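Numbering (this note's numbering), first residue to last: 4 to 145.
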């Protein structure tokens, strides 16, 4: 039962992340909306790069949503979010609302994936080791 709840919570976080990225970032860039081009221009990007950035974001999102390529998508998205953070730093944007926004998105990205993927939870456990886990090692050393 607990595994089912954890997986469900992971899909909720992943879904929230995906819907936000698709609606607030990918779609405006692919549609070449003024909100996307003007924002990129204010950050120092040439507006002609808007479509390319949108395609890269869309590709990362699709890879993230396909179970077989979810880790590749998450890693590529992490790089993309790092670039977004660097752009905000270079532009002199406010720290908590703009610069760290990529970090907040990354928490949803990886948190959702960690909750819905038992393999990832096994590689990166956040629970303390069992007190009995080291007993066999001590006996062998002694």
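Backbone N, C-alpha and C fix where the C-beta goes; we use that ideal spot for every residue, glycine too. Remember, predicted model here, so these are calculated numbers, not experimental data.
Pick out whichever of the options has its Cα sitting closest to the Cα of residue i.
i          : options          : result
residue 87 : 123, 7, 57       : 57
residue 12 : 85, 129, 119, 93 : 119
residue 33 : 23, 22, 52       : 52
residue 83 : 96, 98, 62       : 62
residue 36 : 54, 20, 131, 24  : 54
residue 75 : 123, 97, 23, 29  : 123
Does the beta carbon of residue i come closer than 8 Å to any beta carbon on chain D?
i          : result
residue 85 : The structure shown contains no chain D, having only a single protein chain.
By the 10 Å Cβ neighbour count, where 16 or more other Cβ atoms means buried, how is residue i classified, buried or exposed?
i           : result
residue 6   : exposed
residue 41  : exposed
residue 109 : buried
residue 77  : buried
residue 45  : exposed
residue 115 : buried
residue 106 : exposed
residue 69  : exposed
residue 8   : exposed
Can you give the Cα-Cα distance for residue i and residue j, rounded to whole angstroms?
i           : j           : result
residue 18  : residue 79  : 18 Å
residue 101 : residue 91  : 7 Å
residue 47  : residue 31  : 18 Å
residue 15  : residue 85  : 23 Å
residue 141 : residue 131 : Bear in mind that the predicted position of residue 141 carries a pLDDT of just 49, short of 50, making it too unreliable to give a figure here.
residue 81  : residue 72  : 14 Å
residue 89  : residue 10  : 32 Å
residue 67  : residue 95  : 30 Å
residue 99  : residue 21  : 22 Å
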